[in-house]
Structure formats: C-alpha cells, structure tokens
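A quick write-up on the structure given underneath.
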Amino acid sequence: MEALTATVKLLTEALAQIAGSLTTVTQKLEETAKALFTTAQSLASTKELLASTRTELSTTIEELASTKKELTSANQSLASTKEEYEQIASALQRSKKDAIEMLKAQIASRNEDIVIAGKARGYSDYTSQW
C-alpha cells in the first residue's frame with residue numbers, strides 16, 4: 001500500500017509538473033497567437049498601404065506621361081519658333097546686306113555727281129575766262 005501511495009504521490013507530482021508545463025505552454029501559445037494577430041493586422045495595414053501606394057504610383061505614371069506629351073509638344077513648338085527666328089534673322093541679314101549695297105551705290109553715285117559737278121565747275125570757270 002505504501003508503494004501504491006508512493007506511486008500515486010509520484011504520479012500526482014508528475015501531473016502537477018505536466019499541468020505547470022501546460023499552463024506555461026498555453027500562456028506562450030496565447031502570446032504567440034496575440035503576436036500573430038498583431039502581425040496579421042500589421043500585414044493587412046501594409047497591404048492597404050501598398051495598394052494605396054500602387055494607386056498613387058499609377059496616377060503619377062499617368063501624370064508623367066501627360067507631362068512628357070506636353071513637353072514634347074512644347075519642344076516641337078520651340079523648334080518651330082527657332083526655325084522661324086532663324087528664317088527672320090536670315091531675311092534681316094539679307095535686307096541689311098541689300099541696304100548696305102544700296103547705300104554704297106548711292107554714295108558712289110553721289111561721288112560721281114560731285115566729280116562731274118567739279119569738272120563742270122572747272123569747265124565753266126574755263127569758258128568764262130574766254
């Protein structure tokens with residue numbers, strides 16, 4: 001009977017240790033479950049944030065594409081304006097050269113007129129002496 005009592009006592013102690021271990025394991029499982037739940041919530045929040053970021057990126061990409069089109073159009077307009085200005089500059093340069101040539105011709109003509117007038121005056125003076 002003493003052996004039976006000792007065995008029951010050992011079994012009771014073993015069960016108490018097992019119960020303590022189960023309590024510890026249960027607490028750790030509860031902590032782990034809470035941590036997993038928190039992680040799941042964090043992941044869900046991160047997923048929502050990523051979805052929002054993805055939407056914002058899509059919008060930004062569309063805006064950049066639109067801006068690129070606008071810049072391309074502006075660049076073409078600038079190229080056209082540059083070409084027009086180059087044509088105007090060329091026309092002004094030709095006009096300037098033509099004006100200079102015309103002025104040179106007028107100066108040459110006036111110089112000729114002065115020479116002729118000088119000769120005529122000299123001839124007039126010569127004929128008036130006779």
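Sequential numbering of the sequence shown, starting at 1, is according to UniProt numbering. The beta carbon of each residue, even a glycine, is placed where N, CA and C say it ideally should be. If you're wondering where the values come from, they're calculated on a predicted model, not measured in any experiment.
1) Just the C-alpha distance for E112 and A79, rounded to the nearest angstrom, thanks.
2) In three-state DSSP terms, what is M1?
3) Roughly how many angstroms separate the alpha carbons of L71 and A40, rounded to a whole number?
4) May I have the straight-line CA-CA distance separating R94 from A120, to the nearest angstrom?
5) Given this structure, state the Cα-to-Cα distance separating A51 from K68, to the nearest angstrom.
Looking at the atomic coordinates:
1) 49 Å
2) coil
3) Cα to Cα, the separation comes out at about 45 Å.
4) 38 Å
5) 25 Å
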